[in-house]
Amino acid sequence: ETIADKAYVNTGVDAINQRILGRYQNGLGKTWDDPRHMKFFDDGAVNFPYLSDGMWFLTQHKRWGLIKDHPDYLGTAKAINQTALYSQAASALQVSVPKDPLRSSKLVDGVVWDGKDPARYADSFKVKV
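UniProt numbering applies: residue 1 is where the sequence shown begins, and numbers increase by one.
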C-alpha cells in the first residue's frame, strides 16, 4: 500500500503486488510469470552483504578514479560488509544465509563478474578515467 500510494508510484495495490510476484501484463492482453523477477528478500539472499558485491563497487571506484591504487579488494570488502554480524542477526531471526559470501553475476554489459581477479576486471574497461 505504501509503494502504491500517490506520493510514490500512484497506482493500484494489485499492480504492485503482481510485479512483486513476478506476474506481468504487456497491456495488449499477454500475461506471463517471470521466474527471474526482481526480489526484495528471497529468504535473505537479496539482503546478504556479499563480499563480491562490495569488491565490485571498489572496482568501479578504481575505474572512475575515486581511488588511485588498487586496494586489498577482499580485505576491504570484509571490513565493510560485516558478514559475520549480518549472519548473527539473520540467525536470531531464523533467516537463511548464503553458504558462499562470493557470487557470480552476469552484468548488463554481458561480462561475468565473479570477484576472482578484481584488479584485472577494474583495468579491463575501455571507458574509464
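Virtual Cβ for every residue (Gly too), placed ideally from N, Cα, C.
Only a predicted model underlies this, so the values are computations on that prediction, with no experimental measurement involved.
Quick one: is TYR8 buried, meaning 16 or more other Cβ sit within 10 Å of its Cβ, or exposed? exposed
Just grab the DSSP bridge partners of TYR24 for me. TRP32
Among ASN47, VAL129, THR31, the one whose alpha carbon lies nearest that of MET38: ASN47
Tell me the start and end of each unbroken alpha helix (DSSP H) in the segment 34-65 that is at least 4 residues and wholly inside, in chain order. 51-63
Roughly how many whole angstroms lie between the Cα atoms of ILE80 and VAL127? 27 Å
Helix, strand or coil at VAL13 [DSSP, three-state]: helix
Taking C-alpha atoms, which residue in ASP14, HIS61, LYS30 lies nearest to ALA122? HIS61
Taking 7 Å as the limit between beta carbons, can you name the residues of its chain near ALA45, skipping five residues before and five after? PRO98
Would you kindly check if the distance between the Cβ of GLY22 and the Cβ of ARG36 is under 9 Å? yes
Counterpart residues of SER105 in DSSP-defined beta bridges: TRP113
Does the beta-carbon distance from TYR73 to GLY115 come in below 9 Å? yes
Nearest CA to the CA of SER52: which residue from ASP43, TYR24, THR83? THR83
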